[in-house]
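Asker: Dumping the structure here so I can ask a few things about it.
Numbering (full-length UniProt numbering), first residue to last: 1 to 351.
In structure tokens form, the structure reads like this:
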């Protein structure tokens, strides 16, 4: 197969493009919401990464990954190839367009239709895998495909978010310090969704030295094998993986919580209804995991949840009643219970 190189009147240098992009990324707000959890009012900080220019925390990752390639290699590249569950693809598609490069995004059937459109609008070429891997997910199939594209396209660069240390570095140097600065260091625990493991590894690395008393809690979805070896099919994108992370060490996290797709959806819908905050599925999972953890750890009074992206990406999935009916997903208040023995969480609005 012949892969065409993008044509442009004048390609901007990678230093210029990435420098301008960097100036717009980060300093995302932390908004506090009140919840009645098991009869106790708790305040939870949500760090809203959807306020980044392309709508997700992956803007930080994309800039760091491309910078790690180096200006000479990037300025001389013919294309960018990467496997993505969605958000990184939007960020890389934007940057590739600014660089005058084609971007080949390897995606799977769980990709949100809205995110697919956002990638295409930015010029991305989508390669959709359809064959699940042995765990029931698609990550391993996507990685095989992106490796093939990297071999077949002369001059292509593959940032490789799954193994490139620039991934956690983005959050060690950016997300982690921001959380401490915005909270004045008054944070007992940070809850982070896991997939590649880059965000939680980077945040943890910073907190271990700058605020060692702050706990780092991973949140994963049932069916993922990042923390537990129980592979299975998953609906959520942007959280979970079909393989262990290259970035997680034994001391990266102080604990983890597993949530179901349905719990994540229910928390997203409740947050939208009662607090006017529309976030993506992985953000709902993080909030659900935080609630599960807090009911067992009442000593944590100043938690922060990293909410990776915006809910607008999921208007045709988790926020679409027709989609839920087609998928046989029933959302009900019992999904908001922190444990089976407790009443459902009540949302009390924003601070």
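For each residue, glycine too, the CB sits at the ideal point set by N, CA and C.
1) So, with DSSP's three-state summary, where would you put residue 264?
2) Would you check if there are 3 or more beta carbon pairs closer than 8 angstroms linking the segment 331-345 to the segment 242-252?
3) Which same chain residues end up closer than 6 angstroms to residue 219 when comparing Cβ atoms and leaving out the 5 residues on each side of it in sequence?
4) Taking all protein chains shown into account, decide if residue 229 is buried (16 or more other Cβ within 10 angstroms of its Cβ) or exposed.
5) Identify every run of the alpha helix (DSSP H) within the segment 115-199, keeping only runs that are complete inside it and at least 4 residues long; order them along the chain.
6) With a CB to CB cut of under 8 angstroms and the five nearest residues on each side skipped, what residues in its chain are close to residue 48?
7) Could you have a look at residue 290 and say whether DSSP puts it in helix, strand or coil?
8) Between 238, 222, 317, which has its C-alpha nearest residue 107's C-alpha?
9) Between the Cα of residue 132 and the Cα atoms of 321, 241, 52, 296, which residue gives the shortest distance?
10) For the segment 203-221 against the segment 60-73, do three or more pairs of beta-carbon atoms, one drawn from each stretch, fall closer than 8 angstroms, so that the two count as touching?
11) Rounded to whole angstroms, what's the CA-CA distance from residue 79 to residue 301? Just pull it up for me.
12) Have a look at the DSSP bridge pairing and note the partners of residue 347.
13) Per DSSP, what are the beta-bridge partners of residue 69 in this structure?
14) According to DSSP, simplified to helix, strand and coil, what is residue 209?
15) Give me, in chain order, the residues of the same chain whose beta-carbon lies closer than 7 angstroms to that of residue 113; leave out the 5 immediate sequence neighbours on both sides.
Answerer: Let me lay it out:
1) helix
2) no
3) 191, 193, 257, 285, 286, 289
4) exposed
5) 139-152, 166-170, 176-183
6) 28, 29, 30, 31, 277, 279, 307
7) helix
8) 238
9) 241
10) no
11) 47 angstroms
12) 35
13) Bridge partners of residue 69: none, in fact.
14) helix
15) 316
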